[in-house]
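Chains L and X, in that order, give the protein sequences.
If you count the first sequence from 1, position 425 lands on 1440 in my numbering, and the numbers rise without skipping.
If you count the second sequence from 1, position 289 lands on 1312 in my numbering, and the numbers rise without skipping.
Report on one structure; see the data block that follows.
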Amino acid sequence: MERLKTNALSKSYGGTHALKDISMDIIAGEVHALCGENGAGKSTLIKILSGVERPDTGKVHWRDAPLPLGKVDAIEAHGVVAVHQEPVIFPHLNAVDNLFVGREHAMACGIWLNQASMRKQTQNILATLGEALSVTEPVGEMSLAQRQMVSMARALIHQCRILILDEPTASLSARESASLFGRINVLKEQGVGILYVSHRLEEVFKLADRVTVLRDGASVGTWAIKDLNRDTLIKHMVGREVPVAPPTSSPNVKPTKQPVIEVSALCRKGAFNDISFHIQPGEILGMSGLVGAGRSEIARALFGVDRFDSGNILYGGRTWTSLTIQDAIAHGIAMVPEDRQLQGLVLPLSVETNLLLPSLANHECFRGLDQGTMRSTAGDLVTQLGIKTESPSKPAESLSGGNQQKIVIGKWLHTHPTLLILDEPTRGVDVGAKSEVHRIIQALAAKGTAILLISSELPEILSLSDRIMVLCGGCNQGILSRQEATQEILLRRSLPTDSGRDI
Amino acid sequence: MKGGIRKVFAYMVRYRAAGLFLFIFCLLTLVTLVNPTFLEWQNLRDIAVQAAPICIISCGLMLVLVTGEIDISVGSMMGLLAACMGAMASLSRGNWPPGVVIPLTLGIGMLLGLLNGWLVAYAGIPSIIVTLGMLTALRGVTELIMAGTWITDLPSGIRFLGTGTWLGIPVSVWTALAVFLVSLWLVHQTAIGKRIYAIGSNPHAARLAGLPIKPIKVFVFAWTGLLTGVATLVSVPQLSVVDSGIGVGLELLVITCVVVGGTAVNGGIGNLGGVLCGVVLMTMISTVLIFMKLGEDATYWSRAIQGLFILGAILADHWISNQRKT
């Protein structure tokens, strides 16, 4: 039987064990799912199997012969190929060069490239993937999904026997995902073994034959999919029961209080129209709606990133008809943007520095910054937020996505913003970290911060928000209290109808 | 109408070679109207001879920039290579035959490039720092070799490389043409060419794809060193005197040509046609200024204009990337 077998793989970075003693196997013709929270070691395992990294100890056997570890091209030559989460794409090159760079077809003793053959093969592969892409246009000018397809095609030009897919549907639409699943089933029938990594458990149950769960760099076990259900799988991933019921919070809102912010008839042409709402201290206002309904645009207007055409914002004892980011910050508005890596963190700086950036002024003393109190405050925050890091002085980029998000939100705990805008705070965060992020959000609200929570996840909105505003096509579809809102109502209101469609 | 002009302008900015070609053409027309002698064979030949070594080095430096690195040591490297070549070949010093001097000069150039590349790729030092160090160090070594003297007695065999002609065209221009053709082949028809662009385009993906990033970086630096040797051999013997000041400021001129030619300073983009146009334009400018009868000021202006061009080119790149984003 053809199989890829790992034998006691271990890898550590600095003092952190990224992988401990992993032994598993992938059999030809099966879809083997790899599950685990962010930071469980999935990426490291994939990097080792594809040759990007070399393990500290352990071996990988393919057809009972050891694989040459740490050499991408040699491993690919054995038919073990990975499609990484970030597409392996060279934006300035065309599709042909993207597929063949590193494994070019040469002729005439290697002094001349065989462009015709590479172009032909590229067109064939893209055709089997059902994509009509230009092979001369730079790939950087294609859509994200098309780029993902090029990256996929790059893997498929090999006669691959083991295909590793890392979060392949992360940037695909439902239709594109469906065509990918079709492709996976075809490959499976051809006897290709597939290692499938995904956070989306429904995909795992739909595709996989077996599941291996990683937790904290170690293998928890491998199960046949029929022996698992969603709850048991999550339990294995987290290592504890995750409460299915929403994290409850006592109502922090006293209805008599003066609202923190009052928005009236806010308009921005082409983005949102006639938006009015208010938020009270300690209240969480959820903002629900489909992607493109104008939620992020409203948030950006409130934070002064984008201007608005008409309407006003009553905030901090003033009526604003236009405001800048500096105004917003000066009056205690904080925003956690959607893209945490790009906009929410200074990745090369330490966890400690990132945590203290918004409150540096609190640590100023006569000789500059008081390192002692900074260190202790940061240490407190790390424990309080449950950030998993070797030490607070490690760079933020060394943390997993969920832990990075804890920093992005948790850094506001010490500054007491009056209004905090959270845009998709748990996107890409794994199950365990998600509930910790929820806990942090509730802690902030309990301290009296008004929170505007944008989320596409209905259960999240429903469990955290005191009131929920639904947007559709840039228009307010009504504000519901927590008691009257249900998933069905929210979804129904956020779907476009004829009256609410055009703006 | 206004949109049409805008479109043409956008095209010119985007397809740098076409834009530069048009610009050169307009400049030529203008200067010929003011002074028709500009188009005389002798003058065009002088410009070509001046452009040849710049073109040779630019072909290498473009590849360095495409990988996302930079090399600012080529001027000092040329100075050192000139001193070495002079010391080996001069009748009063080494008096070695050209058959020995030529490969040795090229070899030293390549070794210096290898050293640059090794320090950048394997020792992990940023290329701007490595080559800044080399810029200073190599100039110092040059001064040690020359020890305050001049070399005036290059043998005729070496002199031929600088002053000889074939079919009425100087050796240096033929060499530049050959280097340009080899570079075209390297970029478009070899695996290493494709990999150079891939590395600069997305270094992270290059790592995931298992591309040999370090050897390729060493290659582009060594190739630039070798080409600097070639440029030294065909340009320095034109002068009757070799001193320790050869190549001062050359690195800036070459970088200007490469960047004006549309090469992205962040890597991934670079077009040999554009670079050639950049070289022609930048070498024409000083001559043009003289022919525009600006008098004494002409020489002072050329530096300022060189600087304006590099800023303009970077602004244009910036403008393009902003346009793509929206």
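Even for Gly, the Cβ is constructed at its ideal location relative to N, Cα and C.
Handout entry: Chain-ordered neighbours of E1119/L on chain X, where CB pairs are closer than 7 Å
Key = Chain X residues near E1119/L: A1214, K1217.
Exercise for the section: Evaluate the contact criterion for the region 1286 to 1303 of chain L versus the region 1467 to 1486 of chain L: three or more CB pairs, one atom per stretch, below 8 Å. Expected result: Yes: the two stretches touch, three or more of their Cβ pairs being nearer than 8 Å.
Exercise for the section: Give a yes or no on whether the minimum CB-CB distance between N1225/X and chain L is below 8 Å. Expected result: Interface with chain L (8 Å Cβ-Cβ cutoff): N1225/X is included.
Problem - Residues of the region 1285 to 1306 of chain X whose Cβ lies closer than 7 Å to any Cβ of chain L, in chain order - result: Within the region 1285 to 1306 of chain X, the qualifying residues are G1291, I1292.
Exercise for the section: Determine the chain X residues that contact H1099/L at a beta-carbon separation under 7 Å, and present them in chain order. Expected result: Simply L1231.
Problem - Contacts around I1333/X, its chain only, beta-carbon distance under 8 Å, and the 5 residues preceding and following it disregarded - result: The residues are I1278, T1279, V1282, V1283.
Practice task
Could you check the C-alpha separation between I1215/X and I1239/X for me, to the nearest Å?
Solution key: Spanning the two alpha carbons is a distance of roughly 7 Å.
Exercise for the section: Could you check if D1181/L is buried or exposed, using at least 16 other CB atoms within 10 Å of its CB as the buried criterion? Expected result: By the 10 Å Cβ count, D1181/L comes out buried.
Exercise for the section: From the DSSP output, read off the bridge partner residues of Y1323/X. Expected result: None, per the DSSP bridge assignment.
Problem - Boundaries (first-last residue) of the alpha helix (DSSP H) holding I1466/L - result: Going by DSSP, I1466/L is part of no alpha helix (DSSP H) but of the beta strand (DSSP E) stretching over 1465 to 1469.
Practice task
Output yes or no for whether 8 Å exceeds the beta carbon distance between Q1420/L and A1448/L.
Solution key: Contact: yes.
Practice task
Tell me, please, whether the CB atom of D1321/L is closer than 8 Å to any CB atom in chain X?
Solution key: False, the Cβ-Cβ gap to chain X never drops below 8 Å.
Handout entry: Spatially closest choice to G1326/L from V1165/L, S1480/L, L1338/L, by CA coordinates
Key = When each option's Cα is compared against that of G1326/L, the closest is L1338/L.
Practice task
Please confirm whether V1087/X and I1095/X have their CB atoms less than 8 Å apart.
Solution key: One thing to note: V1087/X has its Cβ no nearer than 8 Å to the Cβ of I1095/X.
Exercise for the section: Tell me whether P1102/L is buried or exposed, calling it buried when 16 or more other Cβ atoms sit within 10 Å of its Cβ. Expected result: Result: buried.
Problem - Against chain X: residues of the region 1086 to 1115 of chain L by CB proximity under 9 Å - result: Legend: CB atoms of the region 1086 to 1115 of chain L lying less than 9 Å from CB atoms of chain X belong to residues K1086, V1087, D1088, A1089, I1090, E1091, A1097, H1099, E1101, P1102, V1103, I1104, F1105, P1106, H1107, L1108, D1112, N1113, F1115.
Handout entry: Cβ neighbours of G1236/L in the same chain (closer than 8 Å, five flanking residues each side left out)
Key = Within the same chain, G1236/L has close Cβ partners T1227, V1228, H1251.
Problem - Integer Cβ distance of R1508/L from I1494/L, believed to fall under 8 Å - result: About 10 Å; that fails the 8 Å criterion.
Problem - Partner residues on chain L for A1228/X, Cβ-Cβ distance less than 7 Å - result: Going along chain L in sequence order, the residues near A1228/X (Cβ under 7 Å) are V1103, I1104, F1105.
Exercise for the section: In the DSSP assignment, find the alpha helix (DSSP H) that holds I1104/L and state where it starts and stops. Expected result: Here I1104/L belongs to no alpha helix (DSSP H), and DSSP marks it neither H nor E.
Handout entry: is_contact[Y1220/X, chain L] using C-beta, thresh 8 Å
Key = Output row for Y1220/X: interface = yes.
Practice task
Compute the distance between the beta-carbons of I1249/L and V1275/L, then report whether it is under 8 Å.
Solution key: The Cβ atoms of I1249/L and V1275/L do not sit closer than 8 Å to each other.
Problem - Partner residues on chain X for G1066/L, Cβ-Cβ distance less than 7 Å - result: The contact set of G1066/L on chain X, defined by CB atoms closer than 7 Å, consists of G1233 in chain order.
Practice task
Verify the CB distance criterion: does P1262/L have a CB-CB separation below 8 Å to chain X?
Solution key: Unreliable positioning characterises P1262/L in this predicted model, as indicated by a pLDDT of 46, which lies under 50. A coordinate reading is not provided.
Exercise for the section: Reducing DSSP to helix, strand and coil, say where R1230/L ends up. Expected result: Here R1230/L sits in strand by DSSP.
Handout entry: Proximity of G1122/X and F1244/X at Cβ, strictly below 8 Å
Key = Note that the C-beta distance between G1122/X and F1244/X is not below 8 Å.
Handout entry: I1236/X versus A1144/X: straight-line alpha-carbon distance, rounded
Key = Distance between the alpha carbons of I1236/X and A1144/X: 8 Å.
Problem - Per-residue DSSP class, three states only, for H1293/L - result: DSSP places H1293/L in strand when its eight states are reduced to three.
Practice task
Compare the C-beta of W1077/L against all C-beta atoms of chain X and say whether one is closer than 8 Å.
Solution key: For W1077/L, the answer is no, since every Cβ of chain X falls outside 8 Å of its Cβ.
Exercise for the section: Assign L1457/L to one of two classes, buried (16 or more other C-beta atoms within 10 Å of its C-beta) or exposed (fewer than that). Expected result: Looking at the sequence shown, residue 1457/L is not Leu but Gln. It counts as buried.
Practice task
Compare the Cα-Cα distances from G1132/X to each of M1157/X, P1149/X, L1045/X, G1171/X and report the closest residue.
Solution key: Across the set M1157/X, P1149/X, L1045/X, G1171/X, the C-alpha of M1157/X shows the shortest separation from the C-alpha of G1132/X.
Exercise for the section: Step through the CB atoms of chain X and report whether any lies within less than 8 Å of the CB of L1159/L. Expected result: Cβ-Cβ to chain X under 8 Å: no for L1159/L.
Handout entry: Coarse secondary structure for F1287/L, derived from DSSP in three states
Key = In the displayed model, F1287/L falls within a strand according to three-state DSSP.
Problem - Three or more C-beta pairs below 8 Å linking the region 1216 to 1226 of chain X and the region 1105 to 1123 of chain L - result: The region 1216 to 1226 of chain X vs the region 1105 to 1123 of chain L: in contact.
Problem - Secondary structure of A1092/L, DSSP reduced to three states - result: A1092/L carries a helical assignment under DSSP once its states are collapsed to helix, strand and coil.
Exercise for the section: List the residues of chain X whose Cβ lies closer than 9 Å to the Cβ of L1128/L, in chain order. Expected result: Within chain X, the residues placing a beta-carbon under 9 Å from that of L1128/L are H1211, Q1212, T1213, A1214, G1216, K1217, ordered along the chain.
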